[in-house]
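I have placed the structure first, in the form of structure tokens, so that the comments after it can refer back to it.
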Amino acid sequence: MTIMNKEKIKFEKVIWMLITVFSIIISMVVTLDKNKPSYYTWLPLLPLSFAIINFFSYGIYNNIFDFSHNLAKLIIHLLYFIRESVAIYFLYKGGYTATLYKLSEKNINAGISLMIFETCCVYIVLNYYGKIHLKLGKLHFFKPSIRKGVYKKSKYKYVGFIMMFCVLFCILAYTMSPLIRNSYTALWDSSLLSTDSYFLAKMEAQAGSKDRILFTLFNVLFDFTRILFPCFVLYILRKKIGDKFICIIIGTILCIVQFAMILNENIYILITCMIIGIYMLKIFPQYRSFMKRMLIIVGTIIVVYYFISVAFTVSIGKGNIYEILSDMFQIYFPGITNIACGFNIVDHNVLNTLFFDIYEAIPFHSTLFGLSGDRLSDLYNACNGVKYTICPGIIQSYHYLGVFAPAVTCGIVIIALKTQKKLNESKDMFAYAAYALLLIYTSMTPVCYYPTVLLSRFLSTILPMLIISKFAGNNYTFDRIGIMED
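Start counting the sequence shown at 66; every next residue gets the next number (this note's numbering).
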């Protein structure tokens with residue numbers, strides 16, 4: 066065993082121990098807090114149960130920080146740690162402040178029980194399914210080699226045309242439509258976090274109208290074009306001028322430009338930049354160590370800036386920074402308050418709600434069908450006296466499946482692990498980007514989203530990306546630019 070491998074194992078063990086100890090301390094602190102509301106009696110069980118689960122899950126730490134090849138495990142584990150321990154810490158420090166306030170001992174205890182049950186199921190999958198059925202370590206020691214050869218071009222030659230069409234359409238649509246221009250904003254714009262502006266902009270155009278069709282079509286095309294076009298440009302640069310530092314600079318500029326156009330889902334920009342960054346790690350191996358450090362540094366700066374921006378927005382009516390952070394963690398990593406409030410939902414027609422949950426995920430559903438009805442997210446917001454709040458994924462699953470709800474979460478986690486394997490073995494540029502997007506969404510959905518959001522993203526963005534990859538044939542494979550996996 067090399068010195069580097071020993072240091073890596075030592076680092077993984079330290080992180081494993083720190084997370085376990087931190088979670089236990091949080092549990093003890095909350096237990097001893099005499100000022101916590103009476104309905105939070107069971108709250109210490111969340112970080113304590115996570116500490117126990119983490120202690121018996123040391124195996125998942127093997128190469129977990131190799132985020133270019135083990136990203137799924139890293140994201141899933143990090144998000145559950147935040148939800149089960151970090152969010153509880155800030156809830157305690159913030160005086161148990163949260164936007165959703167219709168809490169009782171009954172729904173809090175039900176929420177805690179459901180969260181612990183789901184977490185146990187997810188970590189069983191991470192520990193055993195990933196180890197037995199998937200060989201995710203196959204490319205851990207991947208070393209790219211440069212090879213030259215003559216390749217026969219595929220009969221499919223339409224990808225360049227498709228990319229140019231998408232780019233030109235997006236430019237023209239943005240120029241011609243005030244509705245589109247008013248819906249997008251820049252990261253540094255003060256209206257960045259105004260979710261209302263997006264929904265109000267959509268309401269300006271009636272379903273089925275030309276403006277609404279153009280608005281929806283632009284959103285669909287732009288969401289995958291903003292990923293594929295930078296990857297396409299970087300692929301061409303790698304092919305024409307090789308593994309040069311100027312390519313890294315251009316890739317960085319392409320990432321920065323993303324922040325000039327943000328819709329309502331701000332996190333999608335971070336996901337887009339993450340995909341471009343992972344892609345650059347793949348095709349520019351000479352600068353891999355440098356880029357990994359830069360991804361961590363720049364990513365941290367952007368996330369901190371974003372959280373500060375959010376903090377200023379939600380600080381109205383809050384007493385101190387801990388109250389603000391408490392609210393933020395419960396909103397963006399739907400935790401105990403959000404999950405507990407899911408038990409307040411009153412649904413008189415479950416099948417109708419299920420239909421409209423699926424209907425919501427279909428692209429152009431308003432234009433094509435024009436149906437209207439209550440989705441579960443609508444009922445969730447209405448029953449809790451809020452709006453634009455994400456319904457936790459486990460609540461959506463529980464609403465339809467009861468105690469079998471974790472089966473949906475585990476299924477999504479399995480898809481994430483399978484997608485990781487697909488990503489590691491992908492040899493096509495466009496498929497690689499599509500799998501990267503699918504991996505990130507399936508890894509984030511168990512904590513941050515709900516299944517309808519995942520299905521909607523798959524149908525509107527990921528599926529078109531996979532279809533485009535079929536038109537690429539073998540013209541845009543990694544071996545054509547000298548990247549081989551030995």
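Glycine is no exception: its CB is placed at the ideal position from the N, C-alpha and C atoms.
Contact fails between the stretch 506 to 523 and the stretch 340 to 360, because fewer than three Cβ pairs, one in each stretch, are under 8 Å apart. Contact annotation, F283 with C231: C-beta distance approximately 10 Å; criterion of less than 8 Å not satisfied. With 16 or more neighbouring CB atoms inside 10 Å of its own CB, H464 falls in the buried class. Per DSSP, the unbroken alpha helix (DSSP H) holding A499 starts and ends at 494 to 513. Boundaries of the alpha helix (DSSP H) harbouring M241: 224 to 241, taken from the DSSP string.
Under the three-state reduction of DSSP, T542 is assigned to strand. Residue state for T250 is assigned as strand, using DSSP reduced to three classes. As computed with DSSP, I334 is found in no beta bridge at all. Rounded to the nearest angstrom, the gap between the Cα atoms of P295 and K304 is 14 Å.
For I480, the closest C-alpha among the options A501, E170, I460 is that of A501. Judged by beta-carbon spacing, T526 lies beyond the 9 Å limit of F429, meaning their Cβ atoms are not closer than that value. Here F115 is not near P471, since their CB atoms are 9 Å or more apart.
One Cα belongs to L136, the other to F130, and the distance between them is close to 8 Å. For a cut-off of 8 Å, the C-beta gap from Y249 to M326 is around 5 Å, short enough to register as a contact. Here I327 carries a strand assignment [DSSP, helix/strand/coil]. With distances taken between CA atoms, L390 lies nearest to R148 out of I455, F421, R148. Annotation: the continuous alpha helix (DSSP H) that includes D443 extends over 441 to 448. Under the three-state reduction of DSSP output, T162 falls in the coil class, being neither helix nor strand.
In the three-state scheme derived from DSSP, where H, G and I count as helix and E and B as strand, G438 is classed as coil. The Cβ atoms of K73 and C448 do not sit closer than 9 Å to each other. For T290, the uninterrupted alpha helix (DSSP H) run begins and ends at 275 to 306, by DSSP. When secondary structure is reduced to three states using DSSP, D392 falls in the helix class. With respect to the 9 Å criterion, I340 and I410 are not classified as neighbours on the basis of their beta carbons. Taking C-beta separations shorter than 6 Å and ignoring five residues to either side along the sequence, the partners of C320 in its chain run C338, I341, following chain order. For C185, the enclosing alpha helix (DSSP H) has its first and last residue at 170 to 189.
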